[in-house]
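Notes follow the structure.
In my numbering, the protein residues as written are 9 to 787.
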């Protein structure tokens, strides 16, 4: 007898111990309650009617019940049967290396046992796939053909060892040849080869077989076992390590480079399996990517389970447990049988199920699908070609797949391959024309960007069609098989030229639109700069006017001082001695006045030169702004003409509106109305569909504020310099020249001299009066 789930027997000991512990605990509790109720009479047989042997027998029956239930859950069986099984799966041929080097223990417990463990896991994860087994060393043989019986295949895996193939070595070529023959020369996308090996001492020439596998689309999935850098010793059957004739220890390394090359050439995958990283998930994912096919005539082994017998035995033991009383024999009929009566229906049901004749278990019948199933395509390439042509004429997109199958399978029919290539090319050519027509419709619908995308797709389809046409003409002896191919190539060239011309026109139109937007934006920036500079110039004029008013006041003060000085000169004409000094001072003052007049004249000349330079700069800026507007207006006109050529009415209207706004902006600039010009330029940008983003506006606003702040700072600096110049001029006027006397000191000296002169005159007069008058002699 065997069990499907024998691991459940690990529960026997814990369950039995739990039952025993509960029985002992229940007995102890009963004794405590009886002693509390009867006191010292708890051991009196007349008061306590209990048979300890019967109680122990009932506990034994309960233990047997639990044991039979666990046995039933383990699903016992001792025979099996084959049942039909038609799943959809893949065909996988396993090539297993059983050479002596697989006994190396660098992967615990050994490379061989580790590979067998991985293979069992893979079989369990793919129940619907068919597996075959090829064992190889120095030779190879088919250990198990393709089968969907996972149970039988697992038995073959268990029997693998290094004695399976007596000839030593690693002849991969022989193993691949046996696996290829096991596939019965059939091709398809649902087949693959799984190789478990360490690659040590690969023998044979597998290059030709690899090419054949690649041609038949059979990938090679390789699981490498071992260490590619450190060799592992190979143990012998007697426990010693294998040595060569010279006594040197023989080690085995993983030939990882050659295995990777084999997997890459066949379109498969290579993984290195270790204890910590088995790499099984990579292999499973790659196998799942293979196509699935319905496997007809498949069978699998199913065990004939006998768990009902264990359930019957458990039911009998449980019924006896409830029927048997713990009282002595003389009281056996006094126990009520209600519990047994309740279990009687369940027992009858189990007995009826066990008495029913056993029927072999079959796979569940598949329900018919409601969707129609397409018939299998014909195997004859000629019939397949005709079917593909019919579907192509009917407009079925799956015709291309049938043509590709004809090209792949009809290697001995180059005429079918040539016609299939030509028909594929015509299909791609027709699709390209359809896409180009859709692009033209989108151009008429004012959708330029989607039209460009469609034209790019059409170019790709034309390129594919051209390659197919050329391939159909590459066979020399069949160049006249499809004479229309040359004509189609000429038509394809014409279609490509038309598509390129339309694409070029659309790109030029978009380029003109971008150019008009950029030039309008430049005109906006130039207008902002001109507006800022005009504001600066107005501010400078105001500052100059204020400075001129101050200069006029200063000149008026000087004139008043001059008039006062003239009056003083008139009054002091009688002061002869001081008159010369005062005249000298006047001459000095006049010379100073003449120097000041010369300085003022020089400043006026400098101001006039600066005004001329500012006027020239203003003229240049005005001219630059007008040039920017003229260029933007020219681009708008070109955009309108190009849009009219492509019948883009909306874009043409937008370009015309932008041109009108640019004309208005030019008129506003000529009238020095920069604010109005800026508004018209913004409207032109909106019309062109290129309104400035918020970031650009913020940047311009920031630049404008920075420029204004800079201008204010320059004006403040100029004001400070003007004030400093005025202070210096005032200081120069108040400061006496070297070797000269100021007016106040001169007046004091003149007053002193006049007082002294008056005193002298008074003294002379008084002296003359004091003398006696001279008597004139009368002659």
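The beta carbon of each residue, even a glycine, is placed where N, CA and C say it ideally should be. Here the structure is a predicted model, which means the values were calculated and not measured.
Which first and last residues belong to the alpha helix (DSSP H) in which residue i is found?
{"i": "residue 257", "result": "Here residue 257 belongs to no alpha helix (DSSP H), and DSSP marks it neither H nor E."}
{"i": "residue 164", "result": "158 to 166"}
{"i": "residue 389", "result": "389 to 402"}
{"i": "residue 22", "result": "20 to 46"}
{"i": "residue 203", "result": "From DSSP, residue 203 is part of no alpha helix (DSSP H) but of the beta strand (DSSP E) over 199 to 205."}
{"i": "residue 468", "result": "456 to 480"}
{"i": "residue 173", "result": "First-last for residue 173: undefined, no H or E at that position."}
{"i": "residue 123", "result": "119 to 133"}
{"i": "residue 671", "result": "657 to 678"}
{"i": "residue 693", "result": "682 to 695"}
{"i": "residue 77", "result": "60 to 81"}
State yes or no: is the C-beta of residue i within less than 9 Å of the C-beta of residue j?
{"i": "residue 507", "j": "residue 466", "result": "yes"}
{"i": "residue 538", "j": "residue 440", "result": "no"}
{"i": "residue 130", "j": "residue 142", "result": "no"}
{"i": "residue 154", "j": "residue 99", "result": "yes"}
{"i": "residue 128", "j": "residue 165", "result": "yes"}
{"i": "residue 145", "j": "residue 105", "result": "yes"}
{"i": "residue 84", "j": "residue 11", "result": "yes"}
{"i": "residue 447", "j": "residue 432", "result": "no"}
{"i": "residue 262", "j": "residue 287", "result": "no"}
{"i": "residue 300", "j": "residue 97", "result": "yes"}
{"i": "residue 521", "j": "residue 647", "result": "yes"}
{"i": "residue 276", "j": "residue 201", "result": "yes"}
{"i": "residue 517", "j": "residue 654", "result": "yes"}
{"i": "residue 133", "j": "residue 292", "result": "yes"}
{"i": "residue 500", "j": "residue 474", "result": "yes"}
{"i": "residue 75", "j": "residue 30", "result": "no"}
{"i": "residue 427", "j": "residue 410", "result": "no"}
{"i": "residue 109", "j": "residue 172", "result": "no"}
For residue i, which residues of its own chain have a beta-carbon under 6 Å away from its beta-carbon, when the five flanking residues on both sides are left out?
{"i": "residue 244", "result": "250"}
{"i": "residue 688", "result": "669, 672 and 673"}
{"i": "residue 230", "result": "203, 267, 271 and 278"}
{"i": "residue 69", "result": "325, 328 and 329"}
{"i": "residue 122", "result": "115"}
{"i": "residue 13", "result": "82 and 83"}
{"i": "residue 221", "result": "274"}
{"i": "residue 418", "result": "389, 424 and 425"}
{"i": "residue 691", "result": "669"}
Might you give, ordered along the chain, the residues of its own chain that have their beta carbon closer than 8 Å to the beta carbon of residue i, omitting 5 neighbours on each side?
{"i": "residue 645", "result": "663 and 667"}
{"i": "residue 140", "result": "99, 100, 101, 102, 150, 152, 153, 154, 155, 187 and 190"}
{"i": "residue 314", "result": "9, 84, 85 and 86"}
{"i": "residue 768", "result": "none"}
Compare the Cα-Cα distances from residue i to each of the options and report the closest residue.
{"i": "residue 532", "options": "181, 393, 405 and 641", "result": "641"}
{"i": "residue 479", "options": "647, 497 and 42", "result": "497"}
{"i": "residue 511", "options": "543, 451, 528 and 569", "result": "451"}
{"i": "residue 312", "options": "554, 89, 650 and 427", "result": "89"}
{"i": "residue 391", "options": "421, 21 and 652", "result": "421"}
{"i": "residue 656", "options": "136, 639 and 513", "result": "513"}
{"i": "residue 471", "options": "482, 437, 769 and 456", "result": "437"}
{"i": "residue 515", "options": "457, 550, 526 and 571", "result": "457"}
{"i": "residue 282", "options": "205, 321, 216 and 246", "result": "205"}
{"i": "residue 147", "options": "185, 120 and 505", "result": "185"}
From which residue to which residue does the beta strand (DSSP E) around residue i run?
{"i": "residue 274", "result": "Where residue 274 is concerned, there is no enclosing beta strand (DSSP E), given that its DSSP letter is neither H nor E."}
{"i": "residue 99", "result": "99 to 105"}
{"i": "residue 284", "result": "Unbroken run through residue 284: none, as it is neither H nor E."}
{"i": "residue 435", "result": "It is not in any beta strand (DSSP E) - residue 435 instead sits in the alpha helix (DSSP H) that spans 422 to 452."}
{"i": "residue 153", "result": "148 to 155"}
{"i": "residue 228", "result": "228 to 233"}
{"i": "residue 142", "result": "138 to 144"}
Output needed for residue i: all residues of its chain with C-beta closer than 7 Å, excluding positions within five of it in sequence on either side, in chain order.
{"i": "residue 443", "result": "462, 465, 466 and 469"}
{"i": "residue 19", "result": "78"}
{"i": "residue 294", "result": "229 and 277"}
{"i": "residue 770", "result": "none"}
{"i": "residue 259", "result": "239, 240 and 241"}
{"i": "residue 658", "result": "454"}
For chain C, find out if any of its Cβ atoms is closer than 9 Å to the Cβ of residue i; answer yes or no.
{"i": "residue 478", "result": "Any reference to chain C falls outside this structure, which holds one protein chain only."}
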